[in-house]
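Protein chains in written order, with the working numbering: chain A, 47 to 512; chain B, 4 to 286. Even for Gly, the Cβ is constructed at its ideal location relative to N, Cα and C.
Laid out in structure tokens, this is it:
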């Protein structure tokens with residue numbers, strides 16, 4: 047075992063230069079070298095209580111994998127993670143570690159915590175490059191399980207069930223699996239090749255993926271049961287965009303973040319005309335919202351060639367739900383933050399194109415239900431922001447297709463599927479749900495955690511029926 | 004992959020393809036649509052289902068070759084395949100239970116989309132007057148098919164080359180004025196045609212359904228690109244439609260939104276046509 051490294055800060059993450067990267071879609075963070083990984087791994091104290099593990103929704107045995115990295119056993123480190131996490135290369139990139147595992151790290155009390163996410167990413171990338179394909183022998187039990195959607199919740203659920211011997215079929219509505227990892231998170235944060243590699247890993251476990259299958263339309267849950275699927279997991283995500291309901295929202299040049307990002311990420315509009323899907327060439331773009339999706343949209347708009355991109359957010363930076371890292375990256379690249387500003391209407395040309403957005407200034411008042419200080423309008427402070435496109439990134443609700451076509455499935459008034467928290471079981475026997483379809487828009491890793499919970503519950507359910 | 008089982012050129016611009024898609028065929032209903040993608044670089048394009056055969060497992064689409072994707076689709080032959088073909092999307096048409104007499108109006112290519120509606124109404128015992136309008140005689144499509152599912156079939160041409168000059172609205176108004184009592188009008192075609200039909204039927208107080216076909220990406224309610232204003236409220240054509248009450252639609256907004264990518268679409272088609280030319284006409 048190497049000596050403990052007591053450096054107060056994490057080993058820095060190499061990144062593409064901000065000015066350069068703001069013009070391309072290549073990945074921003076470049077990843078640790080082997081030396082950097084070992085150096086960072088030796089910052090882990092391997093403490094007795096292992097508080098970090100409790101912060102991980104998929105229960106990665108963090109200190110164990112980090113010790114393996116410290117010893118230069120990178121493949122073994124990867125395998126340790128893969129025992130409980132189906133998507134290490136994804137999680138190492140997009141998990142909000144600062145509020146999960148790293149928040150609980152003992153090193154973080156006085157200084158910076160161990161860079162757990164960076165190490166996870168390192169071993170995952172290392173394994174993709176260097177690990178030889180292994181024959182995976184899983185004894186199939188012949189029980190068919192249907193998984194609806196192929197985002198993080200579904201992939202985690204499918205992976206765990208496949209490892210237990212189930213014959214899992216994933217039904218995906220789009221032409222490419224991955225859900226939000228594919229259509230939502232941009233290439234510069236999560237290369238699509240990696241998503242495909244991780245999904246290939248699931249296929250090797252025997253998971254079947256049927257694309258172009260919109261469940262609810264092409265098949266109902268009852269029909270899936272008739273086809274012999276003994277249990278069903280619904281992981282259909284939060285695919286219904288919210289709009290502001292202000293004047294001018296249907297003008298040409300106004301997008302939901304979902305549409306804007308899907309055109310770019312899934313359809314590769316940034317490679318138009320090589321790819322057929324277009325996106326307008328906008329020069330001044332306002333993105334409404336303060337979450338990770340808003341940052342993704344703003345940074346994508348810059349990369350598509352906009353001269354000015356504004357984040358318009360009604361609270362202050364402290365209240366922004368986006369990860370600090372994303373906010374910092376956006377600022378470095380030149381995204382302009384219009385904080386404490388709220389759009390009141392979108393203005394159009396006679397031909398119906400966006401020509402500006404009226405915005406009112408806000409100030410923070412008393413805390414609201416969310417505990418954040420409530421933004422209050424400053425009377426008479428309206429001004430017009432000169433923009434030619436607006437992207438609305440104020441959140442998504444669960445997609446209604448399954449709910450609307452499944453008789454008796456209990457849902458919240460806002461659309462989320464109601465489940466038993468311990469198991470993910472819905473009110474219909476044999477039907478489970480998890481991820482954003484249940485919680486509304488949240489994180490990749492929480493969805494994966496929910497997928498795993500349901501996988502275990504489905505296993506128990508199937509066994510109890512025998 | 005989704006194999007092309009049949010192909011028919013209906014006129015110079017309009018092609019019919021029968022595509023092998025058993026899951027879609029099993030569930031398809033009139034009024035619903037599919038989204039296709041030709042190849043890896045292709046965009047997702049919605050097309051209304053023109054017909055389906057549950058036993059054969061096939062879905063028929065009829066399209067006008069107006070952009071790169073539809074031109075490429077038209078280049079496919081029997082035995083070729085589309086990369087993606089997803090559906091059935093949208094809500095099936097709901098005509099109401101007490102319809103006795105309906106006018107089903109198709110404008111140009113819209114005739115192909117109106118055809119399954121006429122067929123369905125006809126099979127339900129509704130008296131169907133089909134009115135189809137085309138720019139000229141050479142563009143008339145599906146004449147025999149429409150006749151077979153209607154009690155009366157009127158075909159108009161803008162230039163009068165088929166001997167019946169006029170627009171679908173002229174023909175519809177003449178029918179109404181002659182005392183025909185329609186309790187439902189279905190109008191499918193260019194937005195401008197649907198707008199004028201809806202204006203006319205509003206005057207007579209006849210319930211009117213129109214089928215919207217706006218720009219879409221996913222077709223499952225996820226992107227909101229297909230928003231239309233119906234009765235002052237924003238609706239998503241993909242999940243709330245594509246059929247809507249024609250008297251409630253903001254057609255002017257819909258026409259504007261249809262042209263968001265006009266510049267890029269023209270460029271794409273031009274590039275594609277150039278490439279075909281350079282390749283000596285090869286696909």
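Query raised in the report: If you draw a straight line from the alpha carbon of residue 19 of chain B to that of residue 52 of chain B, how long is it in whole angstroms?
Result: 11 angstroms
Query raised in the report: By Cβ distance below 7 angstroms, which residues in the same chain neighbour residue 140 of chain A in space, the five residues on each side in sequence not counted?
Result: Closer than 7 angstroms at the Cβ level, and outside the excluded window around residue 140 of chain A, lie 231, 235, 236, 490.
**Report entry** Three-way DSSP call (helix, strand, coil) for residue 44 of chain B in this model
**Finding:** coil
Query - C-beta neighbour in chain B for residue 501 of chain A, strict 8 angstroms - result: no
Query - the segment 288 to 307 of chain A touching the segment 21 to 32 of chain B, judged by at least three CB pairs closer than 8 angstroms - result: no
Report task. For residue 207 of chain A, I'd like the list of residues in its chain whose CB is within less than 6 angstroms of its CB, leaving aside the five on either flank, ordered along the chain. Result -> 191, 214, 501
Report task. Using three-state DSSP, classify residue 245 of chain B as helix, strand or coil. Result -> coil
Query raised in the report: How big is the Cα-Cα spacing for residue 445 of chain A and residue 96 of chain B?
Result: 22 angstroms
**Report entry** Within chain B, partners of residue 375 of chain A - CB distance below 8 angstroms
**Finding:** Here the premise fails: no neighbours, minimum Cβ distance about 25 angstroms.
Query - According to DSSP, residues forming a beta bridge with residue 478 of chain A - result: A:279, A:471
Query raised in the report: Going along the chain, which residues of its own chain have a beta-carbon closer than 7 angstroms to the beta-carbon of residue 381 of chain A, five neighbours each way excluded?
Result: 344, 345, 348, 355, 357
Query raised in the report: Going by other Cβ atoms of all chains shown within 10 Å of its Cβ, with 16 needed for buried, is residue 151 of chain B buried or exposed?
Result: exposed
Query raised in the report: Alpha carbon to alpha carbon, how far is residue 9 of chain B from residue 84 of chain B?
Result: 11 angstroms
Query raised in the report: What number of angstroms, rounded off, separates the C-alpha of residue 139 of chain B from the C-alpha of residue 28 of chain B?
Result: 33 angstroms
Report task. Quick one: using the 10 Å Cβ neighbour count with 16 as the cut-off for buried, is residue 57 of chain B buried or exposed? Result -> exposed
Query raised in the report: Considering residue 121 of chain B, what are the terminal residues of the beta strand (DSSP E) in which it resides?
Result: Segment 113 to 126 is the alpha helix (DSSP H) holding residue 121 of chain B; no beta strand (DSSP E) there.
Query raised in the report: Which residues mark the beginning and the end of the alpha helix (DSSP H) in which residue 81 of chain A is found?
Result: 80 to 87
Report task. Let me know if residue 440 of chain A comes out buried or exposed under the rule of 16 or more other beta-carbons within 10 Å of its beta-carbon. Result -> Counting every other CB atom within 10 Å of its CB across the protein chains shown gives residue 440 of chain A a total of 16 or more, marking it as buried.
**Report entry** For residue 324 of chain A and residue 318 of chain A, the rounded distance between their alpha carbons
**Finding:** 6 angstroms
Query - Beta bridge counterpart(s) of residue 408 of chain A as assigned by DSSP - result: A:423
Query raised in the report: Using a Cβ-Cβ cut-off of 8 angstroms (strictly less than) and excluding sequence neighbours within five positions of residue 157 of chain B, which residues of its own chain qualify?
Result: 132, 133, 134, 135, 167, 174, 178
Query raised in the report: If we ignore side chains and look at the alpha-carbon of each, how far apart do residue 418 of chain A and residue 236 of chain B end up?
Result: 31 angstroms
Report task. Use the C-beta contact count for residue 459 of chain A: other C-beta atoms within 10 angstroms, 16 or more gives buried, fewer gives exposed. Result -> Answer is exposed; the Cβ neighbour count stays below 16.
Query - Residues that DSSP places opposite residue 256 of chain A in a beta bridge - result: A:217
Query - Positions along the segment 297 to 321 of chain A whose CB lies within less than 7 angstroms of some CB in chain B - result: 298, 302, 304, 305, 308, 309, 313, 318, 319, 320, 321
Report task. Within the same chain, show all residues whose beta-carbon is closer than 6 angstroms to that of residue 311 of chain A, passing over the 5 residues directly before and after it, in chain order. Result -> Only residues of its own chain outside the window of five on either side were considered, and among them 229, 232 have a CB closer than 6 angstroms to the CB of residue 311 of chain A, listed in chain order.
Report task. Verify the CB distance criterion: does residue 254 of chain B have a CB-CB separation below 8 angstroms to chain A? Result -> no
Query raised in the report: On the three-state DSSP scale, how would you describe residue 186 of chain A?
Result: DSSP places residue 186 of chain A in coil when its eight states are reduced to three.
Query raised in the report: When the Cα atoms are used, what is the spatial distance from residue 335 of chain A to residue 493 of chain A?
Result: Roughly 22 angstroms separates the two Cα atoms.
Query raised in the report: With C-beta atoms as the reference, is residue 124 of chain B less than 8 angstroms away from residue 98 of chain B?
Result: Yes, the Cβ-Cβ distance between residue 124 of chain B and residue 98 of chain B is below 8 angstroms.
Query - Inside the segment 296 to 323 of chain A only - alpha helix (DSSP H) runs reaching at least 4 residues - result: With a minimum length of 4 residues, the continuous alpha helix (DSSP H) runs that stay inside the segment 296 to 323 of chain A are 303 to 311.
Query raised in the report: Quick one: what does DSSP say residue 212 of chain B is sitting in, helix, strand or coil?
Result: Reduced to three states, the DSSP call for residue 212 of chain B is strand.
Query raised in the report: Counting Cβ pairs, one atom from each stretch, are 3 or more of them under 8 angstroms apart for the segment 217 to 228 of chain A and the segment 158 to 177 of chain A?
Result: no
Query raised in the report: Distance, Cα to Cα, residue 479 of chain A vs residue 125 of chain A?
Result: 28 angstroms
Report task. Within the same chain, show all residues whose beta-carbon is closer than 8 angstroms to that of residue 158 of chain A, passing over the 5 residues directly before and after it, in chain order. Result -> 54, 55, 56
Query raised in the report: Would residue 72 of chain A be called buried (16 or more neighbouring beta carbons within 10 Å of its own) or exposed?
Result: exposed
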